[in-house]
C-alpha cells in the first residue's frame, strides 16, 4: 500500500482538528481519536503499567497497559499502541478471544437451548457444574495464545444425563477459561492483580465468579460501556480539562469486586486439563 494513501499519524488526544456537517450550527472541536479496545482500556482506568481489562462482547478482548517502552510479549500475545499524547506513546499487550457473546447467541437462538442469552446464563446458574461437558468457544477459530484460525467449536463429554443447563454452564466455563489463557500469558510480561471487566456479559454473576476462579485474581466490574467512557475521558485529556491520562483512573467509575473461591492447586490442575482439551480440540 502506498504510504501517501494512509492518513498521517497523529496523537490520540489533543487539538486534532474540527468536525463539521452542513446541518450543524457550529463546528465541533475534535479532541480525541481512538479505536474501541484502546478506548475501553482508558475507560476501565487501566492507564498505568500492569492494569488489565477484558471487554466482553461478541468476543473478549484483553489488553494490559505495558508502559512507555514497546513490549515484547511472550505466550502468543501482541504489542499494540494504547495511545499517544503530546508525542509520548504508551503501549499495551493485546490478546483476543474471538467467540464469547456470539456463542451464547448461537446456543440460544440457533440451537434453541434457551429463549435468549440471559436465559441461557440463568440456566447455567441452576447447576453446580457442567456435568462433565466441555465446550471450546471457537465459532470463529481460536485466538490468543493458540492462533488456530481453522479450529472449530467443540462440545465434548455428552451423556444421557446432560441437560441444556449443563451445556450452558460449559459455555460460560469455556469463555472464562479462554480469558484465563490470555491472562496467564499476559502474566509473563506484566503483573496481574485485578482484572477489570466491562461489556454486556459482565452483568452475569456466574460468569464473573467463574472468571475470578479461573484467573485467580479479583474481577472488578466497570462501566458496561467502557469504550464510550474511555473515548470521552481521552477527549477530556485532549481538551485540557484533565491534565494527563493518569487522571482518568481517579475519575472513571468502578464497581464491585468478585474474589476467587478456588485455591491455586485446583486452578493449576484444572487449567492444565483445559489446555489439554484445547490442544486436542483444535486438531479435530
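Residue numbers (my numbering): 6 to 289. Note that the Cβ used here is the ideal one computed from N, Cα and C, for glycine as well.
- Nearest Cα to residue 128 within the set 67, 142, 176 and 258: 176.
- From the listed residues 168, 277 and 162, the smallest Cα separation to residue 219 is found for 277.
- Per DSSP, residue 223 lies in no alpha helix (DSSP H); the unbroken beta strand (DSSP E) holding it starts and ends at 223 to 227.
- Relative to the Cα of residue 205, the nearest Cα in the group 106, 29, 17 and 268 belongs to 106.
- Judged by DSSP in its simplified three-state form, residue 96 adopts strand.
- Per DSSP, the unbroken alpha helix (DSSP H) holding residue 171 starts and ends at 169 to 191.
- DSSP places residue 66 within a strand segment (E or B) once states are collapsed to three.
- In the DSSP assignment, residue 253 falls within the alpha helix (DSSP H) that extends over 253 to 256.
- In the DSSP assignment, the residues bridged to residue 203 are 60.
- For residue 217, the secondary structure class from DSSP, reduced to helix, strand or coil, is helix.
- Inside the stretch 126 to 151, DSSP marks whole beta strand (DSSP E) runs of 3 or more residues at positions 139 to 141, from first to last along the chain.
- In the structure shown, residue 122 falls within a helical segment according to DSSP collapsed to helix, strand and coil.
- Between the alpha carbons of residue 197 and residue 56 lies a distance of about 7 Å.
- Checking the DSSP bridge columns, you'll see residue 33 partnered with 24.
- The beta carbon of residue 164 is closer than 8 Å to those of 136 and 137 in its chain, skipping five residues each way along the sequence.
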